[in-house]
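Participant:
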Amino acid sequence: MNIFSCRHASEAASASKQQELTRRARWQLGIHRLICRGCRVYARQVEALGHAMSRIASTTREGLPTPLAAAARERIRRVLEREMSR
Amino acid sequence: MATRCTRGPWPASAMPMWPRNLVQDALLSAWRNRAQYEQRSSERTWLIGILKHKWFDYLRHRVRQQAAQETPRDQALAAWVETQFSRFGKWRRMPDPWPATESWIESAELGAALRQCLDRLPTASADALLLVECDDQPITAVAELLGFSVGNVAVRLHRARLAMRYCLERRWFNNKEDSSS
Chain A
121 MNIFSCRHAS
131 EAASASKQQE
141 LTRRARWQLG
151 IHRLICRGCR
161 VYARQVEALG
171 HAMSRIASTT
181 REGLPTPLAA
191 AARERIRRVL
201 EREMSR
Chain B
-6 MATRCTRGPW
4 PASAMPMWPR
14 NLVQDALLSA
24 WRNRAQYEQR
34 SSERTWLIGI
44 LKHKWFDYLR
54 HRVRQQAAQE
64 TPRDQALAAW
74 VETQFSRFGK
84 WRRMPDPWPA
94 TESWIESAEL
104 GAALRQCLDR
114 LPTASADALL
124 LVECDDQPIT
134 AVAELLGFSV
144 GNVAVRLHRA
154 RLAMRYCLER
164 RWFNNKEDSS
174 S
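Put into structure tokens, the structure is as follows:
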């Protein structure tokens, strides 16, 4: 069984967020992380990135689209008026 | 898969770019279909539901337009990823630990930093990452939505995470001198 390189380990770290790894890949990743500090750090950073993104998505204003510009507002009003007068 | 994302009313994958005419479209179709509106839900929920549908339609449409091929930005990102590892697949520059998550996750400027970094990604990769991390979509759903194979989405997510990590480190943690590039 080959030991993962950092390239493979980082791929596996990302993949493990979406899908369960095969037992073989879990082993390879585990062994690699035992000896590689960089990949242990990277795994934590991938987690933190996920946290940060979900946090932004769930906070009230941050993730929201910016308020409509006045011009867009005006355009919508015109279209609606046209529709209503049909 | 852990669900870390509190689902807000908005599809979070719409976060960085929310086309204005989409909002207009949604309002218009709400107006046209106002007869179908039942009082069971609030207007707000109803409108947001329509907007969500419009957004996913828009994504599908955009995907069909761009065809499932690599854009120059995709290629540039792929090439950049190659530079992160040596010939033997080792990190060229070992990732350094970030400060404890609690110390920065509440910060008000985090959103802007994330968005800046997302904007630098190829659009499809940013979409994939947002759909997975924020909308809690399984990879199969993301693949279907974006019109790529599951394998391709996995590669995109991997590249996107490497790039986001790098970008955040430089723009957000700011504790790196510019010696790596």
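Going line by line, the protein sequences match chains A and B.
Quick note: the first sequence uses our numbering, first residue 121, plus one each step.
Quick note: the second sequence uses our numbering, first residue -6, plus one each step.
From the three backbone atoms N, C-alpha and C, an ideal C-beta is built for every residue, glycine too.
Are the C-beta atoms of residue 146 of chain A and some chain B residue less than 9 Å apart?
Facilitator: Chain B, which has no Cβ nearer than 9 Å to the Cβ of residue 146 of chain A, makes this no.
Participant: Sort B:54, B:15, B:105, B:53 by Cα distance to residue 40 of chain B and report the nearest one.
Facilitator: Ranking B:54, B:15, B:105, B:53 by Cα distance to residue 40 of chain B puts B:15 first.
Participant: Quick one: which residues of the region 86 to 105 of chain B get their C-beta closer than 9 Å to a C-beta of chain A? List them in chain order.
Facilitator: Residues 86, 87, 88, 89, 90, 91, 94, 97, 98, 99, 101, 103, 104, 105.
Participant: Does chain B have any CB closer than 9 Å to the CB of residue 205 of chain A?
Facilitator: Closer than 9 Å: no.
Participant: Spatial neighbours of residue 91 of chain B within its chain, please: CB distance less than 7 Å, with the 5 preceding and 5 following residues excluded, ordered by chain position.
Facilitator: So the list reads 166, once near-sequence residues are dropped.
Participant: Are the beta-carbon atoms belonging to residue 129 of chain A and residue 162 of chain A less than 9 Å from one another?
Facilitator: Cβ atoms of residue 129 of chain A and residue 162 of chain A: closer than 9 Å.
Participant: Around the Cβ of residue 152 of chain A, are there at least 16 other Cβ atoms within 10 angstroms (buried) or fewer (exposed)?
Facilitator: Buried, because 16 or more other Cβ atoms sit within 10 Å of the Cβ of residue 152 of chain A.
Participant: Could you run through the region 142 to 157 of chain B and flag, in chain order, every residue whose CB is less than 9 Å away from some CB of chain A?
Facilitator: If the cut-off is 9 Å between Cβ atoms, the region 142 to 157 of chain B has 143, 146, 147, 148, 150, 151, 152, 153, 154, 155, 157 near chain A.
Participant: In terms of alpha-carbon separation, which member of A:170, A:159, A:140, A:205 lies closest to residue 124 of chain A?
Facilitator: The residue with the shortest Cα to Cα distance from residue 124 of chain A is A:159.
Participant: Tell me, which residues are paired with residue 84 of chain B by DSSP?
Facilitator: According to DSSP, residue 84 of chain B bridges with B:78.
Participant: Determine the chain A residues that contact residue 107 of chain B at a beta-carbon separation under 7 Å, and present them in chain order.
Facilitator: Chain A residues near residue 107 of chain B: 172, 173, 176.
Participant: Would you say residue 112 of chain B lies against chain A (beta-carbon separation less than 9 Å)?
Facilitator: Chain A contact via Cβ: absent.
Participant: Write down the C-beta distance between residue 74 of chain B and residue 152 of chain B rounded to the nearest angstrom, noting that I regard them as a contact closer than 8 Å.
Facilitator: So it is a contact: roughly 5 Å between Cβ atoms.
Participant: Who are the Cβ neighbours of residue 117 of chain B in its own chain at under 7 Å, not counting the five residues just before and after it?
Facilitator: Cβ neighbours of residue 117 of chain B beyond the five flanking positions: 139, 149.
Participant: What span of residues does the alpha helix (DSSP H) with residue 112 of chain B cover, start to end?
Facilitator: Taken as a continuous stretch (DSSP letters only), the alpha helix (DSSP H) holding residue 112 of chain B covers 103 to 113.
Participant: To the nearest whole angstrom, what separates the beta carbons of residue 176 of chain A and residue 104 of chain B, a pair I think is in contact under 8 Å?
Facilitator: Correct: roughly 5 Å between the Cβ atoms.
Participant: Return the first residue and the last residue of the alpha helix (DSSP H) that residue 159 of chain B is part of.
Facilitator: It spans 143 to 161 - the alpha helix (DSSP H) in which residue 159 of chain B sits, taken as one unbroken run.
Participant: Using a C-beta cutoff of 9 Å, does residue 126 of chain B count as contacting chain A?
Facilitator: Yes, contact with chain A.
Participant: Is any beta-carbon of chain B found at less than 9 Å from that of residue 183 of chain A?
Facilitator: Confidence in residue 183 of chain A is poor, its pLDDT being 46 and thus under 50, which makes the residue's placement unreliable; the coordinate value appears in the next sentence. Yes, residue 183 of chain A lies at the interface with chain B (some Cβ there is under 9 Å from its Cβ).
Participant: Between residue 136 of chain B and residue 146 of chain B, is the Cβ-Cβ spacing less than 9 Å?
Facilitator: Against a cut-off of 9 Å, the Cβ pair of residue 146 of chain B and residue 136 of chain B comes out as a contact.
Participant: In whole angstroms, what is the alpha-carbon distance linking residue 33 of chain B and residue 17 of chain B?
Facilitator: Spanning the two alpha carbons is a distance of roughly 24 Å.
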